[in-house]
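This report concerns only the one structure given below.
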Amino acid sequence: MFDGPKKDTEKTFYLETFGCQMNVHDSEKVVGTLVQEGYRQVATVEQADLVLYNTCSIRDKAEQKVFNRLADYKKYKKQGKTFGVLGCVAQQEGEKIFERAPYVSLVCGSASYRNLPNMLVQIQAGGQRVTGLDDRETDECFETEFTARTNPHRGYITIIEGCDKFCAYCVVPYTRGKERSRTSESVLAEARQMADLGYTEIQLLGQNVNSYKDPEGKPGPNRGAKKTFAELLAAVGEIPGIRRVRFTTSHPRDFGRDIVEAIDAVPTLCDHVHLPVQSGSTRVLNAMQRLYTREQYLERIAWMKAAKREISITTDVIVGFPCETEADFVATLDLLDEVGYDAVFAFKYSPRPNTPSLAMEDAIPDEEKARRLEVLMARQREIQTTRYKKYIGTTCEVMVEGRNEARGQWIGRTTHNKTLNFIATAAPKLGGYGSVRITGAFPNSLLGELVI
Ligand code: 5AD
Ligand code: SF4
54 MFDGPKKDTE KTFYLETFGC QMNVHDSEKV VGTLVQEGYR QVATVEQADL
104 VLYNTCSIRD KAEQKVFNRL ADYKKYKKQG KTFGVLGCVA QQEGEKIFER
154 APYVSLVCGS ASYRNLPNML VQIQAGGQRV TGLDDRETDE CFETEFTART
204 NPHRGYITII EGCDKFCAYC VVPYTRGKER SRTSESVLAE ARQMADLGYT
254 EIQLLGQNVN SYKDPEGKPG PNRGAKKTFA ELLAAVGEIP GIRRVRFTTS
304 HPRDFGRDIV EAIDAVPTLC DHVHLPVQSG STRVLNAMQR LYTREQYLER
354 IAWMKAAKRE ISITTDVIVG FPCETEADFV ATLDLLDEVG YDAVFAFKYS
404 PRPNTPSLAM EDAIPDEEKA RRLEVLMARQ REIQTTRYKK YIGTTCEVMV
454 EGRNEARGQW IGRTTHNKTL NFIATAAPKL GGYGSVRITG AFPNSLLGEL
504 VI
């Protein structure tokens, strides 16, 4: 896709993506849309006429990265390059970006990507400050016609956009707009199309997939019955050719038992659930407006632990939320022991624009946040060391994802979403599946040898 010299008449673009899987997938949609418009993707800023950053604003650090990047490239403006800021920083900062980075010509949030072709025409006609910003009013679900998926075996499908939860610390409801679900018909049509193209793994994406509400489809013979999220999950898993289905992210409040029942009933649904807890203290959860207690969260964990297959559970945690005491923090540490997570993504609380918790004093000093983060990660590392060791001697199926030449190993992923590096006497096919006997364990990965 990146190769070949640039022809004089050709329009080229460079796109760099920051942030979560939603952004990674949005970028695939942006690439698909631009390629359809006659643009060619190039690997470096130097080669590009149009330079785009798909940005993340979940924490201050992520946002600063974008502005640092923009400052670096001031010099390119002289070469006639056009700069665009897409994604969450674009939506959050809006036209203020033009003041801070005057060489930017395009500012566009994720709900407006379908209008990109039109915006690019405006820029080509000399437009200096072109915007596509959502006002949290849009009912339109972001479906572009063209998606350029980067992996030929494993692909994302967005089932729901935006978020209506308004957790006290979170910018997402402001950057990704209100919740809009796609019809199950359209999700299933895309999944079938992907299966026909040879995809075997599908990841259903949404900020909060459990809030999925199937809208009324178009009248006609294809209109199926409305589906719940668990039914949609099962239906994707039953598509011939699909061997693995994952979904992210789940919100504990809306996480129903029917999801565990679907995992029990449909073997292609992966044995992994990412269920962000954020804190183990009900007092902090209340202040975070998370809408569940520690006990309700643990009830959902109990459902998963009672499943027929062992479900691997991972989570997100925020340390140093304004009102978090040492006792609250200890409650989170205890929760890690009690649940036995296979991975924890932990973050220091970062005050964000527009969010309710911005009105609370950011009371925990940064050094204390850093200490809590370190203590938490050390505890979790011990938990993972013990948990991962249990796999030694067992055999797991992997999807082959790549090769590490330096170590002479193949890289695989288990249904539990663990990285399993392995050796093989004959080269396995990328994107294929194989059975690997596990011979070693580290806190974040497993080691083994291919048996079939
Ligand atoms: N500060 C720190 N972490 C945050 N997250 C979301 N907002 C913030 C914030 N303001 C974390 C949450 C969420 C993950 C994607 O990022 O843990 O689940
Ligand atoms: Fe943010 Fe809460 Fe929505 Fe997740 S559920 S995106 S943490 S507001």
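Plus 53 on top of the position in the sequence shown (first one is 1) and you've got this note's numbering. Even for Gly, the Cβ is constructed at its ideal location relative to N, Cα and C. Remember, predicted model here, so these are calculated numbers, not experimental data.
Query, Result
"Where does R296 sit, in a helix, a strand or coil, going by DSSP?", "coil"
"Cβ atoms of V224 and S303: under 8 Å apart, would you say?", "no"
"Tell me the DSSP secondary structure of S365 in three-state form.", "strand"
"With a threshold of 16 other CB atoms inside 10 Å of the CB of L250, please say whether the residue is buried or exposed.", "exposed"
"Tell me the residue span of the alpha helix (DSSP H) that contains N407.", "Run containing N407: none; DSSP gives neither H nor E here."
"In the structure shown, what three-state DSSP assignment does E284 receive?", "helix"
"The ligand SF4 and F300: does any heavy atom of the ligand fall closer than 7 Å to the residue's C-beta?", "no"
"Straight-line CA distance for A399 to V428?", "11 Å"
"State whether the segment 275-288 contacts the segment 235-247, with contact taken as three or more CB pairs (one from each stretch) at a distance under 8 Å.", "yes"
"Can you give the beta carbon distance from T438 to Y394, rounded, assuming they're within the 8 Å contact cut?", "That pair is no contact at about 13 Å."
"Measuring alpha carbon to alpha carbon, tell me which residue in E63, T492 and P375 is nearest C449.", "T492"
"Where does M452 sit, in a helix, a strand or coil, going by DSSP?", "strand"
"Closer than 6 Å from C-beta to any heavy atom of the ligand 5AD: which residues, in chain order?", "I111, R112, Y222, C223, P329, Q331, D369, I371, F400, Y402, S403 and R405"
"Provide the residue span of the alpha helix (DSSP H) that contains Y441, from first to last.", "D419 to K442"
"As an exercise, report each continuous alpha helix (DSSP H) stretch of at least 4 residues that is fully enclosed by the segment 209-237, in chain order.", "225-228"
"Tell me whether P226 counts as near the ligand SF4, meaning its Cβ is closer than 7 Å to at least one heavy atom of that ligand.", "yes"
"For Y67, which residues of its own chain have a beta-carbon under 8 Å away from its beta-carbon, when the five flanking residues on both sides are left out?", "Q94, V95, A96, T97, V98, Q100, A101, L103, V104 and L105"
"In chain order, what residues of the same chain lie with their CB nearer than 7 Å to the CB of P329, ignoring the 5 residues before and after it?", "T302, T368 and D369"
"Could you pull out every residue in the same chain whose Cβ sits closer than 6 Å to the Cβ of A384, ignoring the five residues on either side in sequence?", "G333 and S334"
"I'd like to confirm something about K149: is its beta-carbon nearer than 7 Å to some heavy atom of the ligand SF4, or not?", "no"
"Determine the direct distance from the alpha carbon of V504 to that of D387, and round the result to whole angstroms.", "39 Å"
"What does DSSP give as the partner residues of S488 in its beta bridges?", "E450"
"With a threshold of 7 Å on Cβ separation, who are the neighbours of R310 within its own chain once the five nearest residues in sequence on each side are excluded?", "W356"
"Report the option in A315, R434 and T253 whose CA atom is closest to the CA atom of L526.", "The structure shown does not extend to residue 526, since the chain spans only 54 to 505, so no value can be given for it."
"In angstroms with no decimal places, state the Cα-to-Cα distance between L123 and A154.", "7 Å"
"Using CA atoms only, rank isn't needed, just tell me which of R112, G91 and V88 is closest to C73.", "R112"
"If you reduce the DSSP assignment to three classes, tell me which class V397 lands in.", "strand"
"Shorter than 7 Å, the distance from the beta carbon of H304 to the closest heavy atom of the ligand SF4, or not?", "yes"
"Between the segment 449-467 and the segment 406-416, can you find at least three pairs of beta-carbon atoms closer than 8 Å?", "no"
"Does the beta carbon of E414 sit closer than 8 Å to a beta carbon anywhere in chain C?", "This model lacks chain C altogether; it includes just one protein chain."
"Is it right to say V262 is buried, meaning 16 or more other beta carbons lie within 10 angstroms of its own, or is it exposed?", "buried"
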